[in-house]
Amino acid sequence: MTDLEIGYSARNGDEWDRLLVALGAFRRIDVEEHHFDRAQQVQRELAARGLKGRKVPDLLVAAVAEATSLTVLHYDADFDHIATVTGQPTQWIVERGSID
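Residue 99 in my numbering sits at position 64 of the sequence shown, and the numbers go up by one each step.
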(Lines of atoms letter the chains of each structure in order from A and count residues from 1; the text may use other names and numbers.)
(Lines give C-alpha, C1' and ligand atoms only; values in the text may rest on other atoms or scores of the structure.)
Protein backbone atom coordinates (compact mmCIF):
# COMPACT_ATOMS: atom_id res chain seq x y z
CA MET A 1 0.00 0.00 0.00
CA THR A 2 2.72 2.48 0.92
CA ASP A 3 4.56 1.72 -2.33
CA LEU A 4 1.46 2.78 -4.25
CA GLU A 5 0.96 5.86 -2.06
CA ILE A 6 4.58 6.94 -2.59
CA GLY A 7 4.49 6.16 -6.31
CA TYR A 8 1.34 8.25 -6.68
CA SER A 9 3.32 11.40 -5.86
CA ALA A 10 5.99 10.82 -8.53
CA ARG A 11 6.04 13.41 -11.29
CA ASN A 12 7.77 11.16 -13.84
CA GLY A 13 9.26 7.70 -14.30
CA ASP A 14 12.72 8.60 -13.02
CA GLU A 15 11.31 10.10 -9.84
CA TRP A 16 9.08 7.05 -9.36
CA ASP A 17 12.16 4.80 -9.61
CA ARG A 18 14.07 6.91 -7.05
CA LEU A 19 11.17 6.97 -4.62
CA LEU A 20 10.67 3.22 -4.76
CA VAL A 21 14.39 2.60 -4.25
CA ALA A 22 14.28 4.86 -1.18
CA LEU A 23 11.45 2.75 0.22
CA GLY A 24 13.95 -0.09 0.46
CA ALA A 25 15.14 1.51 3.71
CA PHE A 26 11.84 0.56 5.35
CA ARG A 27 10.58 -2.90 6.23
CA ARG A 28 7.42 -4.22 4.66
CA ILE A 29 4.56 -5.41 6.82
CA ASP A 30 1.84 -7.72 5.59
CA VAL A 31 -1.71 -6.41 5.76
CA GLU A 32 -3.98 -8.79 7.64
CA GLU A 33 -7.73 -9.05 8.09
CA HIS A 34 -7.67 -7.46 11.54
CA HIS A 35 -6.06 -4.34 10.02
CA PHE A 36 -9.09 -3.92 7.76
CA ASP A 37 -11.34 -4.40 10.78
CA ARG A 38 -9.47 -1.70 12.71
CA ALA A 39 -9.55 0.68 9.74
CA GLN A 40 -13.31 0.24 9.59
CA GLN A 41 -13.67 0.89 13.34
CA VAL A 42 -11.65 4.09 13.03
CA GLN A 43 -13.62 5.16 9.95
CA ARG A 44 -16.84 4.72 11.96
CA GLU A 45 -15.52 6.75 14.88
CA LEU A 46 -14.33 9.52 12.55
CA ALA A 47 -17.78 9.63 10.94
CA ALA A 48 -19.35 9.91 14.38
CA ARG A 49 -17.13 12.92 15.01
CA GLY A 50 -18.06 14.52 11.68
CA LEU A 51 -14.65 13.78 10.16
CA LYS A 52 -15.82 11.58 7.31
CA GLY A 53 -13.95 11.35 4.04
CA ARG A 54 -10.58 10.07 5.26
CA LYS A 55 -8.99 8.14 2.41
CA VAL A 56 -9.24 4.35 2.64
CA PRO A 57 -5.50 3.78 2.01
CA ASP A 58 -4.69 6.22 4.84
CA LEU A 59 -7.00 4.37 7.21
CA LEU A 60 -5.35 1.08 6.33
CA VAL A 61 -1.78 2.39 6.58
CA ALA A 62 -2.63 3.88 9.97
CA ALA A 63 -4.22 0.62 11.16
CA VAL A 64 -1.11 -1.39 10.25
CA ALA A 65 1.17 1.18 11.88
CA GLU A 66 -0.95 1.22 15.02
CA ALA A 67 -0.94 -2.58 15.31
CA THR A 68 2.84 -2.74 14.90
CA SER A 69 3.65 0.27 17.12
CA LEU A 70 5.16 2.27 14.27
CA THR A 71 5.04 6.04 13.76
CA VAL A 72 3.27 7.15 10.59
CA LEU A 73 5.60 9.44 8.61
CA HIS A 74 3.41 11.52 6.33
CA TYR A 75 2.54 14.68 4.45
CA ASP A 76 -1.22 14.32 4.76
CA ALA A 77 -3.51 15.82 7.40
CA ASP A 78 -5.74 12.72 7.26
CA PHE A 79 -3.24 10.95 9.50
CA ASP A 80 -3.59 13.64 12.15
CA HIS A 81 -7.37 13.21 12.06
CA ILE A 82 -7.01 9.43 12.32
CA ALA A 83 -4.65 9.84 15.27
CA THR A 84 -7.34 11.76 17.17
CA VAL A 85 -9.15 8.42 17.36
CA THR A 86 -6.24 6.01 17.68
CA GLY A 87 -3.81 8.07 19.73
CA GLN A 88 -0.99 6.67 17.63
CA PRO A 89 2.17 8.64 16.85
CA THR A 90 2.35 10.50 13.55
CA GLN A 91 4.99 12.83 12.19
CA TRP A 92 4.97 15.23 9.26
CA ILE A 93 8.01 14.55 7.05
CA VAL A 94 8.35 18.29 6.46
CA GLU A 95 6.38 21.23 7.81
CA ARG A 96 2.74 21.22 6.77
CA GLY A 97 2.15 23.45 3.74
CA SER A 98 5.82 23.68 2.85
CA ILE A 99 5.63 21.62 -0.36
CA ASP A 100 2.08 22.22 -1.59
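We put the CB at the ideal spot given by N, CA and C, even for glycine.
Small disclaimer: the values here were computed from a predicted structure and weren't measured.
Would you call the CB atoms of residue i and residue j closer than 8 Å?
i	j	result
T125	H109	yes
A98	R73	yes
Take residue i and list the residues in its own chain whose beta-carbon comes closer than 7 Å to its own, dropping the five residues that flank it on each side.
i	result
R89	Q78, L81, D113, H116 and I117
D111	D93
D38	L55 and L58
Between residue i and the rest of its own chain, which residues show a CB-CB distance below 8 Å, the 5 nearest in sequence each way excluded?
i	result
W51	G42 and A45
I128	L108, H109 and Y110
When the Cα atoms are used, what is the spatial distance from residue i to residue j?
i	j	result
M36	V96	7 Å
D134	T121	Contrary to the premise, residue 134 reads as Ile rather than Asp in this sequence. So the two alpha carbons sit approximately 27 Å from each other.
When every heavy atom of the ligand ADP is checked, does at least one fall within less than 7 Å of the C-beta of residue i?
i	result
V66	With respect to the ligand ADP, the structure shown offers nothing to examine, as it has no ligands at all.
Name the residue from the options whose alpha carbon lies nearest to the alpha carbon of residue i.
i	options	result
L55	V66, L105, E40 and D65	E40
T103	R53, H69 and G48	H69
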